[in-house]
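Inspection log for the structure reproduced underneath, given as structure tokens.
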Amino acid sequence: MFSFTRKTDYALVALATLAEERAESTQPGRLSARQISERHAMPLPLLMNVLKDLVSGGLVTSTRGSKGGYSLARSPEGISVNDVVAATEGPVKVTACCGEEESTPCSDCRVVVTCPVTRSLRHLNDRINGFLSEVTLADMIEDHRDGKERMPISDIRLEFRPLPEEG
């Protein structure tokens, strides 16, 4: 099953919370890990690990001290879902061979010589990454503000085109 981990779920919630705080505050919009944790009933130790990943990924800044906390390092428009996944889980890969250069056979694959789907899987992986790069934190927050529970299926546009012929 293809799904995000709880770390990515918590990261998206934490980022959205920081974005809302930024929009509503005249100050830098900082929140402590405890404030985010209590607001959303998240386990504090896991959230702290998530925030550490987001700081390492350049999505969040951390400030120490009595007026410290976490704040967005970029605008919500500049943070994609793909950025969040990469910071918390690493790059999205449908299969192991999707992380390899196209000219390099996948070192973990037993059927690499005869595999009939490598190109298609790499194409699918590129499309998924492209879509996740298009959806921003701002889009997700706006969707929430509009009272929608999720993005309507009609708004999701994935085009699958035939692969170019090799030659």
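The number in this note's numbering is simply the position in the sequence shown, starting from 1, with 62 added.
Even glycine gets a Cβ: it sits at the ideal position worked out from N, Cα and C.
Predicted model, so just to flag it, every value in this text is computed and none were measured.
_Residues sharing a beta bridge with Leu-93, DSSP_ = Counting from one through the sequence shown, the residue named residue 93 turns up at place 31. Leu-93 is bridged to Tyr-132.
*Evaluate the contact criterion for the stretch 139-155 versus the stretch 89-102: three or more CB pairs, one atom per stretch, below 8 Å.*
no
*Is the beta carbon of Leu-108 less than 8 Å from the beta carbon of Ala-95?*
Residue mapping note: residue 108 aligns to position 46 of the sequence shown, counting from 1. Residue mapping note: residue 95 aligns to position 33 of the sequence shown, counting from 1. Not closer than 8 Å, so no.
*Ser-118 lies in the alpha helix (DSSP H); which residues open and close that run?*
What you label residue 118 is simply residue 56 of the sequence shown in a count that begins at 1. Here the alpha helix (DSSP H) through Ser-118 covers 106-118.
*Around the C-beta of Ser-65, are 16 or more other C-beta atoms found within 10 angstroms, so that it is buried, or is it exposed?*
Locating residue 65 in the sequence shown gives position 3, where the first residue counts as 1. Exposed is the call here.
*What does a CB cutoff of less than 7 Å around Pro-138 pick up in its chain, not counting 5 residues either side in sequence?*
Residue mapping note: residue 138 aligns to position 76 of the sequence shown, counting from 1. Correct list, in chain order: Ala-81, Thr-198, Leu-199, Ala-200, Ile-203.
_For Ser-65, three-class secondary structure by DSSP_ = Residue 65 sits at position 3 when you count from the first residue of the sequence shown. Residue state, collapsed to three classes: coil.
*asked:* Give me the DSSP bridge partner(s) of Thr-125.
replied: As a working mapping, residue 125 is identified with position 63 in the sequence shown. For Thr-125, which the question treats as bridged, DSSP gives the partners Gly-131.
*Who pairs with Thr-180 in a beta bridge, going by DSSP?*
Residue mapping note: residue 180 aligns to position 118 of the sequence shown, counting from 1. None; Thr-180 has no bridge partner.
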